[in-house]
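Data first, discussion second: the structure below is written as structure tokens.
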């Protein structure tokens, strides 16, 4: 009897990450009668509030990439974090070439070995932390609130490294491809299949669709500025900070080299060499034009 009952139990399905999606609001909270002011949060909510506040405050030094997520299971999130760590590890092995050396230089900065942190945010508490944070100006907070549609995930980088950001975005696009919209033919086929399976007087069989994860880039907070999707892609195409320093040094040293060349020519060295060559070219003609002695 026990064995037959165990065979009737359905197989466990992967548990989806349940997160409530609220619109981010910067309006002050409504004060109701008999309500404690200021509001006292539970231990879990207090921890999340402090975590979100630290994320927003660290966006001045650490880029904070924002995503909209949907239909992610716990195992799928673990695999996504592993893909991000693998992308950072592959990028940290060899750094980008600089102007000073044409060969690839092994990366030695410890920050390049630290993978970014992917955090699933609760938009209601995120809105409270954003509203109470006075470090960001009001227009920026309003733009950020409009950017967040519902479910939200944040990817925090240890430092601003555009090549590393590009590598991670490429891995995310490959790991979670965008959903393909249903065609009219697919919609018609589903409707016909539902009509064919309908039996009068019988309860229709409940079918759970297979969840397809979706991850959409919304923008980023970098050095206290909000970047849209196009701006994040433009930042990812930039070279590293060392490469930018090498380009600045090259631009500053080029006028000095040109100035030294001009001063060397103005000192008479080139003119003296020109006259010396012209003198040597006239010596054979002078010897031929001389009259024989009498």
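Numbering (the working numbering), first residue to last: 33 to 326. All C-beta atoms in this analysis are idealised placements derived from N, C-alpha and C, irrespective of residue type, glycine included.
(1) Along the chain, where does the beta strand (DSSP E) that runs through residue 92 open and close?
(2) So what does DSSP say about residue 215, is it helix, strand or coil?
(3) Measuring straight from C-alpha to C-alpha, what distance separates residue 58 and residue 181?
(4) With residue 168 and residue 88 assumed to form a contact (beta carbons below 8 Å), what rounded beta-carbon distance in angstroms separates them?
(5) Could you tell me whether the Cβ atoms of residue 249 and residue 101 are closer together than 8 Å?
(6) Which residue wins for smallest C-alpha separation from residue 184, given the options 209, 194, 163, 157?
(7) Let me know the secondary structure DSSP gives residue 270 once reduced to three states.
(8) Please work out which residues of its chain come closer than 8 Å, Cβ to Cβ, to residue 77, disregarding the five sequence neighbours upstream and downstream, and give them in chain order.
(9) So, for residue 199: in the same chain, excluding its five sequence neighbours on each side, which residues have a beta-carbon less than 7 Å away from its beta-carbon?
(10) Taking the alpha-carbon positions, what's the residue 151 to residue 229 distance?
(11) Looking at the unbroken alpha helix (DSSP H) that takes in residue 182, where does it start and where does it end?
(12) Apart from the five residues on each side of it in sequence, which residues of its chain come closer than 6 Å, Cβ to Cβ, to residue 222?
(13) Starting from the Cα of residue 164, find the closest Cα among 148, 65, 85, 272 and give me that residue.
(14) Within the same chain, show all residues whose beta-carbon is closer than 7 Å to that of residue 33, passing over the 5 residues directly before and after it, in chain order.
(15) With a threshold of 8 Å, are at least 3 pairs of Cβ atoms found where one atom belongs to the region 203–218 and the other to the region 60–68?
(16) Residues bridged to residue 220 by DSSP?
(17) Please report the Cβ distance between residue 98 and residue 179, rounded to the nearest whole angstrom; I am assuming they are in contact, meaning their Cβ atoms lie under 8 Å.
(18) Cα-Cα, which of 244, 281, 188, 232 is closest to residue 116?
(19) Can you find the residues in the same chain that come closer than 7 Å, C-beta to C-beta, to residue 176, ignoring five residues on each side of it along the sequence?
(20) Thinking C-alpha only, which one of 104, 110, 186 is nearest residue 251?
(21) If you run the structure through DSSP and keep just helix, strand and coil, what is residue 248?
(22) By the three-class DSSP mapping on this structure, what secondary structure does residue 55 have?
(23) Tell me the rounded alpha-carbon separation between residue 261 and residue 253.
(24) Taking the beta carbon of residue 242 as the centre, do at least 16 other beta carbons fall within 10 Å, making it buried, or is it exposed?
(25) Assuming residue 375 and residue 197 form a contact by the criterion Cβ under 8 Å, report the distance between their Cβ atoms to the nearest whole angstrom.
(26) Would you kindly check if the distance between the Cβ of residue 56 and the Cβ of residue 159 is under 8 Å?
(27) When you compare only the Cα positions, how much space is there between residue 208 and residue 287?
(28) Assign residue 277 to one of three DSSP states: helix, strand, or coil.
According to the structure data:
(1) Element bounds for residue 92: n/a, residue is neither H nor E.
(2) coil
(3) 14 Å
(4) Residue 168 to residue 88, Cβ: 7 Å. Contact.
(5) no
(6) 157
(7) coil
(8) 157
(9) Closer than 7 Å at the Cβ level, and outside the excluded window around residue 199, lie 119, 123.
(10) Cα to Cα, residue 151 sits roughly 42 Å from residue 229.
(11) Membership of residue 182 in any alpha helix (DSSP H) is not indicated, and neither H nor E is assigned to it by DSSP.
(12) none
(13) 85
(14) In this predicted model, residue 33 has a pLDDT of only 46, less than 50, meaning its place in the structure is not dependable enough to derive any value.
(15) With a cut-off of 8 Å, the region 60–68 and the region 203–218 do not count as touching, because too few Cβ pairs lie within range.
(16) Paired residues: none, contrary to the question.
(17) 7 Å
(18) 188
(19) 162, 258
(20) 186
(21) strand
(22) coil
(23) 11 Å
(24) Counting Cβ neighbours within 10 Å, residue 242 comes out exposed, since fewer than 16 surround it.
(25) Given a span of 33 to 326 for the chain in the structure shown, any question on residue 375 remains unanswerable.
(26) yes
(27) 48 Å
(28) helix
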